[in-house]
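Accompanying notes for the structure given below.
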Amino acid sequence: MFEQRGQEEQDTTQLPTEAPVSVTPRACAVTAVTAGVTAAHPDQVLSDTITRKGEILSIADNQYDLSKYEEVVILGGGNAAGSIAQHLTTVVDDYLTGGIVITDNPVDADPVDVVTGTHPLPSTANMTAAEQMRSYARDCAVDTLVLAVITGGGSALLSAPVERIDESALRTITQELIQCGAPISRINAVRKHISTIKGGQLARALTPAQTIGLIFSDVTSGDPSVVASGPLSPDASTYTDALTTLREYDVNTPESVRIHLQRGADGDIDETPSEQSAPAFDSTTTITLADGMTALTAAAKTCSDLGYEPLILSSSIRGEAREAAKTHVAIAEEIQRNNTPTDPPAAILTGGETTVTVTGDGIGGPNQEFALAAAIELPSHTALCAIDTDGFDGPTDAAGATVTATTVDEPSTARTALNANNVYPFLDDHAALMLSTEGATGTNVNDLRVLTVLTEDT
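Take 1 as the starting number for the sequence shown in the UniProt record's numbering and just add one per residue.
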């Protein structure tokens with residue numbers, strides 16, 4: 001699934017004869033990450049969680065009698081929405097009457113219309129398809145069962161801006177929000193309030209149909225209201241929150257966006273659906289089928305099988321990538337020196353979503369910056385693999401990077417690359433980039449990092 005460009009197919013790192021394990025730290029890290037991405041792939045998750053026996057459709061612990069519905073449709077969007085829809089068509093089979101999903105990884109899912117959109121920036125294709133889906137949703141009746149597929153990437157792909165905001169303004173504000181360094185909850189406050197789908201508005205459009213939201217979460221909180229900006233969930237944020245985000249993070253805001261948000265804050269435009277407007281959600285249920293912990297659990301098992309004691313620190317790591325990397329290195333050092341918080345050989349595993357405040361004009365991504373910042377300080381006999389589970393880290397063709405203590409031969413050059421946000425060329429020159437052999441992996445449960453540690457004197 002992943003290859004390290006410039007490396008031999010076999011790991012040529014020499015494992016010390018005294019080492020209590022049979023595979024190198026690098027081999028363990030890469031193998032574990034691959035296992036994690038595979039475990040969280042929609043095909044695997046759906047096979048484990050969704051079945052049908054006769055007319056009874058079972059989703060996790062919930063059951064639905066398909067014979068009670070006049071129509072069964074699939075709607076939604078996100079990086080993995082196409083492959084999920086494809087799998088669902090084989091399960092629901094002859095009960096399925098149609099639907100539409102928007103994805104940047106299209107597949108055939110007849111009778112569901114799989115529309116190709118763009119990510120991470122929206123486009124006319126996204127906007128047209130999202131409006132078609134919203135129209136489809138409004139036509140769903142009380143005797144319709146809607147399987148609503150929501151995955152990471154849905155914020156860009158489900159782009160249905162309010163009438164006053166055109167494609168140019170939407171692309172500009174999306175790019176600015178990606179680069180501003182704000183946490184995803186603050187970014188989503190803006191996204192929800194310039195959309196006609198996000199922030200529970202798709203659920204409102206689908207009322208009174210019976211809607212089952214199938215969530216593949218790529219957010220640190222695990223909150224369905226954050227995934228794809230929460231099209232099926234109540235929204236606790238406000239127009240004022242959105243304006244505050246733009247002001248506090250000094251976001252270059254198109255005039256049409258600013259005017260719309262100000263009108264909302266002044267009470268001239270209705271708020272997004274909240275808990276207080278519960279009727280919009282009376283017929284909507286959301287079920288999280290996979291998240292970062294799905295990948296972490298599988299990766300941890302692989303580490304254990306290979307002789308490395310796994311320690312899952314968190315599925316919610318966030319903040320600046322290079323700062324989070326230093327914390328991971330410090331834990332590896334503590335394991336080597338003091339056998340705390342666990343004894344080596346060990347594997348530190350984390351998920352979540354780190355961010356990069358972009359000040360340079362180089363090429364890279366959060367996981368690449370994380371890996372390079374760590375590599376500058378990694379102790380010997382360690383390895384780190386940090387990837388975005390969807391196969392693309394930032395606007396690059398790399399999923400992330402795998403590094404060791406020997407990756408960085410000139411720390412000053414590495415720091416210059418970090419300061420210019422130009423880590424991709426450095427990592428490429430040092431044969432550290434990880435690329436998905438399949439392009440888009442079909443998985444999207446955020447970042448996955450495995451840091452493997454042997455004893456300091458191994």
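Beta carbons are placed, not taken as given, at the ideal position from N, Cα and C, and that holds for glycine.
Check                                                                                                                         : Outcome
Length of the line joining the Cα atoms of Leu96 and Pro310                                                                   : 43 Å
Leu427 - DSSP class collapsed to helix/strand/coil                                                                            : helix
Backbone CA spacing between Ser67 and Ala209 [nearest angstrom]                                                               : 15 Å
Selection from Val453, Ala386 and Ala420 that minimises the alpha carbon distance to Ile380                                   : Note on residue identity: the sequence assigns Ser, not Ile, to residue 380. Among Val453, Ala386 and Ala420, the Cα nearest to that of Ser380 belongs to Val453.
Residue from Glu333, Thr38, Glu3 and Gln4 with nearest C-alpha to Thr297                                                      : Thr38
Inter-stretch contact at 8 Å, needing at least 3 Cβ pairs: the stretch 323-333 / the stretch 274-285                          : no
Own chain residues within Cβ distance below 7 Å of Gly222, not counting five before or after                                  : Thr288 and Asp291
Leu214 versus Asn188, Asn339, Thr285 and Gln86, residue with shortest Cα-Cα distance                                          : Thr285
Residues sharing a beta bridge with Lys53, DSSP                                                                               : Ile56
Cβ neighbours of Arg186 in the same chain (closer than 7 Å, five flanking residues each side left out)                        : Thr245
Among Ala383, Ala40, Asp447 and Gln132, nearest to Thr24 - alpha-carbon criterion                                             : Ala383
Environment of Ala60 [buried if 16+ CB atoms lie within 10 Å]                                                                 : exposed
Backbone CA spacing between Leu349 and Ser135 [nearest angstrom]                                                              : 43 Å
Stretch pair the stretch 309-323 + the stretch 355-373: three plus CB contacts closer than 8 Å                                : yes
Ser47 versus Ala81 - alpha carbon distance                                                                                    : 15 Å
Every unbroken beta strand (DSSP E) inside the stretch 67-125 [3 residues or more]                                            : 71-77, 98-103 and 113-116
Status (buried if at least 16 other CB within 10 Å, exposed otherwise) for Gln63                                              : exposed
For Glu8, three-class secondary structure by DSSP                                                                             : Residue placement at Glu8 cannot be trusted, given a pLDDT of 47 that sits under 50; what the coordinates show is reported in the next sentence. Looking at Glu8 - three-state DSSP - the assignment turns out to be coil, as it is neither helix nor strand.
Of the listed residues Leu232, Ile102, Asp218 and Val101, nearest to Gly199 (C-alpha basis)                                   : Leu232
Contact the stretch 149-163 vs the stretch 77-91: 3+ CB pairs below 8 Å                                                       : yes
Start-end ranges of the alpha helix (DSSP H) lying completely within the UniProt domain "MOFRL" (347-447), minimum 4 residues : 366-377, 411-419 and 423-429
DSSP beta-bridge partners of Gly213                                                                                           : Ala148 and Thr286
Simplified DSSP assignment, three categories, for Pro25                                                                       : helix
Beta-carbon proximity list for Gln336, same chain, < 7 Å, skipping 5 on both sides                                            : Pro344, Pro379, Val453, Thr455 and Glu456
C-alpha distance - Val190 paired with Ala242, whole-angstrom precision                                                        : 4 Å
Secondary structure of Asp270, DSSP reduced to three states                                                                   : coil
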